[in-house]
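Q: These protein sequences, in sequence, are chains V and D.
So that you can map any letter, position 164 of the first sequence is 163 in numbering that gives the first Met the number 0, and since no number is skipped, the others follow by simple counting.
So that you can map any letter, position 283 of the second sequence is 282 in numbering that gives the first Met the number 0, and since no number is skipped, the others follow by simple counting.
By construction, the Cβ of each residue, glycine as well, lies at the ideal position given by its N, Cα and C atoms.
Treat the numbers as computed from the prediction; the structure is a model and nothing was measured.
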Amino acid sequence: MKKQVKLIAMILVVMMVVSACASNKDTTKDPEPTTAPGVDTVEPTAGAEAPADLAPIKLGNIQDLSGGASEAGKANAWGVEYAVKQANAAGGINGRQIELITMDCKNDVQEGINAYRLLVDEHKVDAIIGPPLSNPALAWVDLATEDQIPIVGHFMDERVTTNEETGEAYPFMFLAEPGCAQQSYSIATYALDTLGLKTFGTFYNAGLSYAVQHALPFADYVSKNGGTVLAEETFQTGDVDYRAQAVKIAEANPDAVFISNYAADNALCYDYLREAGYEGTILGNNTFQSPFSSLVKTKVYDTYFLQNVDMENPESDSYDIVKAYMDETGAKYPIANACFGYDATTVMIEALKKAKDTSDGVEVAALLAQTKDVQTSSGLITLNPETHRTIGLPMLIAQYDENFKLIIVDSITLGEGLE
Amino acid sequence: MNLQLIFNGISLGAVYALIAVGFAIVFSILKFSNFAHGGMISACTYIAYFFQASFAKTPPLWVTIVVTSIAGLFIALILDTIGYRSVRRKNSPNIYYFVTSITFAILIEQILTVFFGKTSYGFPAMFEKKSFEVLGANISTLDFVILLISIAILIVLMLVIEKTKLGLAIRAVSIDSKTGRLMGINSGSVIIFTFALAGILAGISGTLLGMKYSVYPGLGGSMLVKGVIASTIGGLGSMSGAIIAALLLGVIEMLSVYNLGSSVTPVILFGIMLLFLFIRPQGISGKYAQDKV
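1) Closest by CA to residue 67/V, which one among 130/V, 228/V, 175/V?
2) Taking only beta-carbon positions, decide if residue 312/D is within less than 8 Å of chain V.
3) When burial is assigned at 16 or more other CB atoms within 10 Å of the CB, is residue 259/D buried or exposed?
4) Roughly how many angstroms separate the alpha carbons of residue 127/D and residue 298/V, rounded to a whole number?
5) So the candidates are 372/V, 214/V, 82/V, 353/V; which of them puts its Cα closest to the Cα of residue 364/V?
6) Can you tell me which of 25/D, 197/D, 82/D, 63/D puts its alpha carbon nearest to the alpha carbon of residue 173/D?
7) Counting only beta-carbon separations shorter than 8 Å, does residue 25/D have a partner in chain V?
8) Can you find a C-beta in chain D that's less than 8 Å from the C-beta of residue 359/V?
9) Give the secondary structure of residue 60/V by DSSP, where H, G and I count as helix, E and B as strand, and everything else as coil.
10) Please name the residue, chosen from 261/D, 84/D, 41/D, 110/D, that lies closest to residue 316/D on a Cα-to-Cα basis.
11) If we define contact as Cβ-Cβ less than 8 Å, is residue 124/D a contact residue for chain V?
12) Label residue 162/D either buried or exposed according to how many other C-beta atoms from any shown protein chain fall within 10 Å of its C-beta, with 16 as the threshold for buried.
13) Within 10 angstroms of the Cβ of residue 192/V, are there 16 or more other Cβ atoms? Answer buried if so, exposed if not.
14) So residue 232/V packs on residue 200/V, CB below 8 Å; how close in whole Å?
15) So for residue 373/V, helix, strand or coil by DSSP?
16) Whole-angstrom Cβ separation of residue 203/D and residue 77/D, contact assumed at under 8 Å?
17) Give the list of continuous alpha helix (DSSP H) stretches no shorter than 4 residues that lie fully inside the region 217-268 of chain V.
18) Only counting runs of 4 or more residues, tell me where the alpha helix (DSSP H) segments fall wholly within the region 316-402 of chain V, in order along the chain.
19) Listed from N- to C-terminal order along the chain, which residues in the region 56-77 of chain V have their beta-carbon within a distance smaller than 7 Å of any beta-carbon of chain D?
20) Give the C-beta separation of residue 56/V and residue 351/V to the nearest angstrom, bearing in mind that I take them to be a contact with Cβ-Cβ under 8 Å.
21) Report the start-end ranges of each alpha helix (DSSP H) in the region 104-180 of chain V that is 4 residues or longer and not cut off at the edges.
22) Closer than 8 Å, CB to CB, is residue 222/D near chain V or not?
23) Just reading off the alpha helix (DSSP H) that residue 246/D is part of, what are its end residues?
24) What's the gap between the Cα of residue 54/V and the Cα of residue 98/V?
25) Please identify the residue among 145/D, 146/D, 170/D whose C-alpha is closest to the C-alpha of residue 157/D.
26) From residue 264/D to residue 19/D, what distance separates their C-alpha atoms?
27) For my contact list, residue 63/V and residue 106/V are in at a C-beta cut-off of 8 Å; report their separation, rounded to the angstrom.
28) With respect to the beta strand (DSSP E) encompassing residue 7/D, which residues constitute its N-terminal and C-terminal limits?
29) Counting pairs of beta carbons, one from the region 74-83 of chain V and one from the region 311-326 of chain V, are three or more of them closer than 8 Å?
30) Along the region 42-56 of chain D, what residues have a CB closer than 7 Å to any CB found in chain V?
31) In this structure, does DSSP put residue 136/D in helix, strand or coil?
32) Can you give the Cα-Cα distance for residue 146/D and residue 271/D, rounded to whole angstroms?
33) Name the chain V residues that come within less than 9 Å of residue 311/D, Cβ to Cβ?
34) Taking residue 257/D as the query, report the chain A residues whose CB atoms sit under 7 Å from its CB, ordered along the chain.
35) Residue 212/V touches chain D at which residues, Cβ-Cβ below 9 Å?
36) Note down, in chain order, every chain D residue with its Cβ under 8 Å from the Cβ of residue 311/V.
Right, dumping it as structure tokens:
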């Protein structure tokens with residue numbers, strides 16, 4: 000019996016030590032939960048000019064803080080907090096402060112549903128800012144409709160914002176940047192019209208909706224606009240080695256290969272293609288920025304990829320936000336997700352400001368659908384009431400120079416039929 | 000037949016072989032599947048990465064391999080001391096080994112996640128010339144080096160097992176530990192040495208995997224699956240069988256992905272494993288398994 004008690008005591012001690020280590024790391028490095036595991040709150044600003052009897056507006060924030068996309072997720076969460084702090088410091092929403100409650104979805108669909116339920120059922124939030132992750136967000140579509148909770152995020156898969164079969168927008172889901180297809184059309188337009196390329200390949204993770212929803216529209220667009228798709232190679236989530244697919248693409252030898260995964264997979268795809276002897280152009284999605292540049296092992300050349308913001312340009316609206324993010328968190332390199340979180344929150348705050356009753360999800364959603372020329376770090380955001388996605392927001396085309404510095408080389412704004 | 004694919008398959012198979020042998024060597028002695036081997040590989044990958052990253056100028060590869068081998072050895076001995084040894088002393092059923100190894104595998108991955116998150120890290124590029132051409136095939140310099148190191152390690156390992164007294168003791172204990180004890184073999188020391196050897200192999204595998212792929216907590220676990228398949232096809236507990244099966248597995252995987260696609264390939268690989276279990280459960284080699292029977 001004594002031995003068993005000792006054993007249990009030892010297990011408890013180990014657990015406490017591990018949690019202590021984890022919380023130490025969190026508080027020193029990351030904008031991590033402080034009140035309870037997986038939950039972080041930004042309290043209303045002390046001394047702000049808000050009548051004391053006005054209850055704060057509760058805003059939920061679901062991001063990947065510890066999953067496979069946590070580097071982007073933490074930057075996103077920071078951007079949301081930054082926007083909320085700015086708004087609270089400026090007096091809040093019509094005199095009411097914003098209380099932000101952040102939860103970790105760990106890039107997992109079930110964890111995302113749990114986080115959503117806690118925010119809606121326990122914390123009674125008025126609205127939610129979502130992550131740049133389509134898989135968890137897809138699971139919220141029906142929940143948000145049922146609970147009438149407006150969600151603005153960067154889940155780029157079009158199926159999160161519009162019904163795939165009917166094409167109608169889901170009433171409570173909103174995207175604060177161009178969708179996957181819009182972004183794919185942008186890089187395809189650049190490849191066809193500016194680079195004059197004719198034949199293409201695609202190389203993507205068939206188990207990642209974000210990647211699939213880039214690759215398929217890309218192939219469709221180039222096929223309909225004078226290009227030919229010579230190779231469409233995929234791998235699965237959990238696969239580690241994609242060299243066989245790279246060899247196949249290299250043998251087809253298209254003018255360009257479009258790679259559309261998250262950064263780590265993009266780096267592997269790029270390396271495998273170059274190692275297989277492919278010397279053509281590489282086209283990339285908007286995750287070819289860091290940490291791609293720190294993961295890739297072969298020389299990066301003749302590579303063009305998408306960017307939402309020109310974050311290293313002091314003239315850009317995004318520059319100050321990214322700089323503040325790096326200064327506050329000690330991040331080693333700029334990351335556009337700080338801007339994503341900021342933009343989604345800014346769009347949401349503008350709608351909440353116009354609402355007579357911020358807890359009326361139907362009213363807030365209707366106002367979000369009418370979002371027009373809201374100033375964000377990506378530029379002026381206008382949402383299409385038909386699709387709940389942005390219209391007229393340009394995508395930037397970037398490449399790395401000989402010193403491996405990211406430079407913007409062009410900007411593509413899609414025509415009407417493509418939005 | 001595409002030479003480039005064959006070479007890629009052999010180099011992939013060589014890494015699988017290192018993993019499979021580390022897995023098989025423990026099975027041969029203790030008759031349980033050490034799933035903690037995947038966790039040990041992941042831990043060693045991080046150690047290799049941070050060791051390299053701690054120097055302004057990247058240290059030579061052999062230095063990193065020596066450091067991670069030593070680290071792997073210590074991790075293996077720690078796991079044995081805090082987990083497996085007490086199971087052994089109590090003569091507990093094999094299911095306790097199994098549960099302990101699974102627990103260690105999950106624990107190591109979670110600890111890595113707590114401290115480093117799930118963010119991927121990348122080893123710095125090691126070679127100026129990334130690939131070279133042989134008979135029209137582009138051979139990656141890194142793959143070639145990984146293949147050479149894997150072959151060298153496997154040769155040394157087989158020499159230790161086949162030509163030294165210690166190797167003889169391992170083989171004797173793997174066939175029958177009680178008879179081995181009657182013959183004067185200290186089976187406790189042999190078991191500890193076996194774990195140490197598995198740890199060293201985890202250290203080397205971790206370094207090579209980290210060099211080739213991205214570093215993340217689940218890397219070792221993902222690769223161990225292939226090691227387990229190779230070990231089963233080779234004959235559970237048979238090292239030479241595991242090596243042959245691993246090389247075949249690497250080539251079959253490459254050809255299958257190339258011709259049939261990535262979604263079908265796992266079905267093919269697990270199908271081959273099941274086929275062996277049904278038709279020839281002792282695997283390609285099967286020597287030790289038959290002896291045990």
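A: The short version:
1) The residue you call residue 67/V lines up with position 68 of the first sequence. For the residues 130/V, 228/V, 175/V, the minimum Cα distance to residue 67/V belongs to 130/V.
2) Residue coverage of chain D in this structure runs from 0 to 292, which leaves residue 312/D outside it and unanswerable.
3) The residue labelled residue 259/D in the question sits at position 260 within the second sequence. Around the beta carbon of residue 259/D, fewer than 16 other beta carbons sit within 10 angstroms, so the residue counts as exposed.
4) As a position in the second sequence, residue 127/D is number 128, starting the count at 1. As a position in the first sequence, residue 298/V is number 299, starting the count at 1. When rounded, the distance between both Cα atoms is 9 Å.
5) Locating residue 364/V in the first sequence gives position 365, where the first residue counts as 1. In this structure, 353/V is the residue among 372/V, 214/V, 82/V, 353/V with its C-alpha nearest to the C-alpha of residue 364/V.
6) Numbered from its first residue, the second sequence carries residue 173/D at position 174. Closest by alpha carbon: 25/D.
7) Numbered from its first residue, the second sequence carries residue 25/D at position 26. No, residue 25/D lies away from the interface with chain V (no Cβ there is under 8 Å from its Cβ).
8) Translated into positions along the first sequence, residue 359/V becomes position 360. Chain D, which has no Cβ nearer than 8 Å to the Cβ of residue 359/V, makes this no.
9) Reading the first sequence from its first residue, position 61 is the one you call residue 60/V. If DSSP states are grouped into helix, strand and coil, residue 60/V belongs with the strands.
10) Since the displayed chain D opens at 0 and closes at 292, residue 316/D lies outside it and no answer follows.
11) As a working mapping, residue 124/D is identified with position 125 in the second sequence. It does; some Cβ of chain V falls within 8 Å.
12) Within the second sequence, numbered from 1, the residue matching residue 162/D stands at position 163. By the neighbour-count rule (16 or more Cβ atoms within 10 Å), residue 162/D is not buried but exposed.
13) Locating residue 192/V in the first sequence gives position 193, counting from the first residue. Residue 192/V should be labelled exposed.
14) Locating residue 232/V in the first sequence gives position 233, counting from the first residue. Locating residue 200/V in the first sequence gives position 201, counting from the first residue. Confirmed, Cβ separation roughly 7 Å.
15) Here the question's residue 373/V lines up with position 374 in the first sequence. Strand, per DSSP.
16) Here residue 203/D refers to the residue found at position 204 when the second sequence is read from its first residue. Here residue 77/D refers to the residue found at position 78 when the second sequence is read from its first residue. Contact between residue 203/D and residue 77/D fails: their C-beta atoms lie close to 18 Å from each other, not under 8 Å.
17) Counting only runs of 4 or more residues that sit fully inside the region 217-268 of chain V, the alpha helix (DSSP H) segments are 242-251, in chain order.
18) Runs found: 318-328, 336-353, 360-368.
19) The region 56-77 of chain V vs chain D, Cβ under 7 Å: 65, 66, 67, 69, 70.
20) The count along the first sequence starts at 1 and reaches residue 56/V at position 57. The count along the first sequence starts at 1 and reaches residue 351/V at position 352. So it is a contact: roughly 6 Å between Cβ atoms.
21) Counting only runs of 4 or more, we get 108-116, 133-137, 140-146.
22) Residue 222/D sits at position 223 when you count from the first residue of the second sequence. Among the CB atoms of chain V, one or more fall inside 8 Å of the CB of residue 222/D.
23) For the purposes of this step, residue 246/D is identified with residue 247 of the second sequence, where counting begins at 1. Start and end: 238-259.
24) Translated into positions along the first sequence, residue 54/V becomes position 55. Translated into positions along the first sequence, residue 98/V becomes position 99. Distance between the alpha carbons of residue 54/V and residue 98/V is about 9 Å.
25) For the purposes of this step, residue 157/D is taken as the residue at position 158 of the second sequence. Of 145/D, 146/D, 170/D, the residue nearest in Cα terms is 170/D.
26) Taking the first residue of the second sequence as 1, we reach residue 264/D at position 265. Taking the first residue of the second sequence as 1, we reach residue 19/D at position 20. If you take the alpha carbons of residue 264/D and residue 19/D, they lie about 19 Å apart.
27) As a first step, residue 63/V is located in the first sequence; it is residue number 64 there, counting from the start. As a first step, residue 106/V is located in the first sequence; it is residue number 107 there, counting from the start. 4 Å between Cβ atoms; contact.
28) Here residue 7/D refers to the residue found at position 8 of the second sequence. It is not in any beta strand (DSSP E) - residue 7/D instead sits in the alpha helix (DSSP H) that spans 2-29.
29) The region 74-83 of chain V vs the region 311-326 of chain V: in contact.
30) Correct list: empty, as no residue qualifies.
31) Here residue 136/D refers to the residue found at position 137 of the second sequence. Residue 136/D: strand per DSSP, three-state reduction.
32) Mapped onto the second sequence, residue 146/D falls at position 147. Mapped onto the second sequence, residue 271/D falls at position 272. Pairing residue 146/D with residue 271/D, the inter-Cα distance amounts to about 24 Å.
33) Residue coverage of chain D in this structure runs from 0 to 292, which leaves residue 311/D outside it and unanswerable.
34) Of the protein chains in this structure, namely V and D, none is chain A.
35) On the first sequence, position 213 is the one that residue 212/V refers to. Close partners of residue 212/V in chain D (Cβ separation under 9 Å) are lacking, with about 18 Å as the shortest Cβ gap.
36) Within the first sequence, the letter at position 312 stands for residue 311/V. Going along chain D, no residue has its Cβ under 8 Å from residue 311/V, so there is no contact; the nearest lies around 21 Å.
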